[in-house]
Amino acid sequence: MNMKIARIFVTIPIAALLLAACSPQPAPANTPVPTAEPIDTTITLVDDMGRTVTLAAPPQRIVSTAASLTEILYAIGAGDLLVGRDDFSVYPETVASVPSFGTLWGDFPAEAILGMQPDLVLAAEILSAEQVQALEDLGLAVYWQANPITFEDLYANIQEIATLTGRATEAEALVADLESRVNSVLETVSAAETTPIVFYELDATDPSNPWTAGSGTFVDHIITFAGGVNAAAALEGAFSQLSLEALIAVNPDFIILGDADFGVTAEQVTARGGWDQTAAVLNGDIYPINSNWMSVPGPRLVDGLEAVARIIHPELFD
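Under the numbering used here, the sequence shown has -7 at position 1, and the numbering climbs by one with no breaks.
#1: With DSSP as the reference, label Gln137 as helix, strand or coil.
#2: Does DSSP put Glu193 in a helix, a strand or coil?
#3: How about Pro101 and Gly94: are their beta carbons less than 7 angstroms apart?
#4: Using 10 angstroms around the beta-carbon of Ser15, count the other beta-carbons present and answer buried if the total reaches 16, otherwise exposed.
#5: What does DSSP give as the partner residue(s) for Ser56 in the beta ladder?
#6: Taking Val300 and Ala218 to be in contact with their CB atoms under 8 angstroms, please state how far apart those CB atoms are, rounded to whole angstroms.
#7: Nearest-angstrom Cα distance between Leu194 and Leu274?
#8: Going straight from the alpha carbon of Ala223 to that of Glu171, what length do you get?
#9: What do you get for Thr161, buried or exposed, if any count of 16 or more other CB atoms within 10 angstroms of its CB means buried?
#10: Going by other Cβ atoms of all chains shown within 10 Å of its Cβ, with 16 needed for buried, is Asn175 buried or exposed?
#11: Which full runs of the beta strand (DSSP E) of 3+ residues lie inside the stretch 189 to 275, going along the chain?
#12: Cutting at 6 angstroms between CB atoms, please list the residues of its own chain near Ala168, excluding the five before and the five after it.
#13: Mind checking Ala13: buried by the 16 CB within 10 Å criterion, or exposed?
#14: Sort Ile54, Met286 and Leu130 by Cα distance to Val90 and report the nearest one.
#15: Looking only at its chain, what residues have a beta carbon closer than 7 angstroms to the beta carbon of Ile240, apart from the 5 residues adjacent to it on each side?
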């Protein structure tokens, strides 16, 4: 073959390849970039007033209006969210560093609560519907809880506050522990051979008409779960006075002093006129107790249950 012709045949394929390489290539198809779905942080719960409360996200600044709510917050690991409290919120001790708005007695401190800039106010049963409305009128979100009467009520209150604060896991562990302790007491006192009558003293400033807790209270519930009978169970009204005559007639086996925190002693009870006609005084079965374990409806109510059970059934716990 003529060498010139051969060079032409070789050159043409090479030129074609170069032309193809330099030609515009079709653009690759656009691959859509996946986008993350927005996370819905909205929390909606119906409180014990029947109000639907909606929060855009878990609160970061909470004001508590009662010791029980404050104790629940700390017990589920949400104490760091607390920016305001009432004067009676004193447990745990670290809460002392949190500013207080005062008390709910007298003029309602709505403006003081507003000044703490909360994104949620936890309201206890002590707040009236009008006071809740006053806070809402200031633009505050308010969640209202009734005081628990049973341990099941207490567990529900804990779980609600956990839902509001994003502490469901911590609340689950807390409730499981409380349930275990309550069940342990119930199992132990089920072996009791007697059901003693228990008088719980709230205030005996007038020893002829001492204040106590009747049915429909956590005090009554604790005494029952501890294997006793509340001496004031028949009283009308949750907290009422029991006359000395009625006290002698019911003849309690044990007297538990909820006012011991205020200096009342067994010796003082023994010295009261007429009280020596009760089995409790005659046998010296008068015992002090931490009143917060009985009257602040938070997790420490289980401490109260354990203490009362040990007082009235010592033979089962020694």
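The beta-carbon is built from N, C-alpha and C at its ideal position, and this holds for glycine as well.
Considering the structure as presented:
#1: As a working mapping, residue 137 is identified with position 145 in the sequence shown. Reduced to three states, the DSSP call for Gln137 is coil.
#2: Residue numbering aside, residue 193 sits at position 201 when the sequence shown is read from its first letter. Of the three classes helix, strand and coil, the one that applies to Glu193 here is strand, per DSSP.
#3: Stepping through the sequence shown from its first residue, residue 101 is reached at position 109. Stepping through the sequence shown from its first residue, residue 94 is reached at position 102. Yes, Cβ-Cβ distance for Pro101 and Gly94 is below 7 angstroms.
#4: For the purposes of this step, residue 15 is identified with residue 23 of the sequence shown, where counting begins at 1. With a pLDDT of only 45 at Ser15, under 50, the local geometry of the prediction cannot be trusted, and the value read off the model is given with reservation. Exposed, because fewer than 16 other Cβ atoms sit within 10 Å of the Cβ of Ser15.
#5: Translated into the one-based positions of the sequence shown, residue 56 becomes position 64. Note: Ser56 sits in a beta bridge opposite Leu114.
#6: As a first step, residue 300 must be located in the sequence shown, where it is residue number 308. As a first step, residue 218 must be located in the sequence shown, where it is residue number 226. Confirmed, about 4 angstroms.
#7: Within the sequence shown, the letter at position 202 stands for residue 194. Within the sequence shown, the letter at position 282 stands for residue 274. Approximately 21 angstroms between the Cα atoms of the pair.
#8: Locating residue 223 in the sequence shown gives position 231, counting from the first residue. Locating residue 171 in the sequence shown gives position 179, counting from the first residue. About 26 angstroms.
#9: Here residue 161 is taken as the residue at index 169 of the sequence shown, counted from 1. It counts as exposed.
#10: If you number the sequence shown from 1, residue 175 lands on position 183. The residue in question, Asn175, is exposed, as its Cβ has fewer than 16 Cβ neighbours within 10 Å.
#11: 189 to 195, 203 to 205, 231 to 233 and 246 to 249
#12: Translated into positions along the sequence shown, residue 168 becomes position 176. Answer for Ala168: no residue qualifies.
#13: In the sequence shown, counting from the first residue as 1, residue 13 sits at position 21. Only weak support is given to the placement of Ala13: the predicted model assigns it a pLDDT of 41, under 50, and the value that follows is read from those uncertain coordinates. Exposed: under 16 other Cβ atoms inside 10 Å.
#14: Taking the sequence shown and counting its residues from 1, one reaches residue 90 at position 98. Nearest of Ile54, Met286 and Leu130 to Val90, Cα basis: Ile54.
#15: As a first step, residue 240 is located in the sequence shown; it is residue number 248 there, counting from the start. Cβ within range, chain order: Gly266, Gln269 and Thr270.
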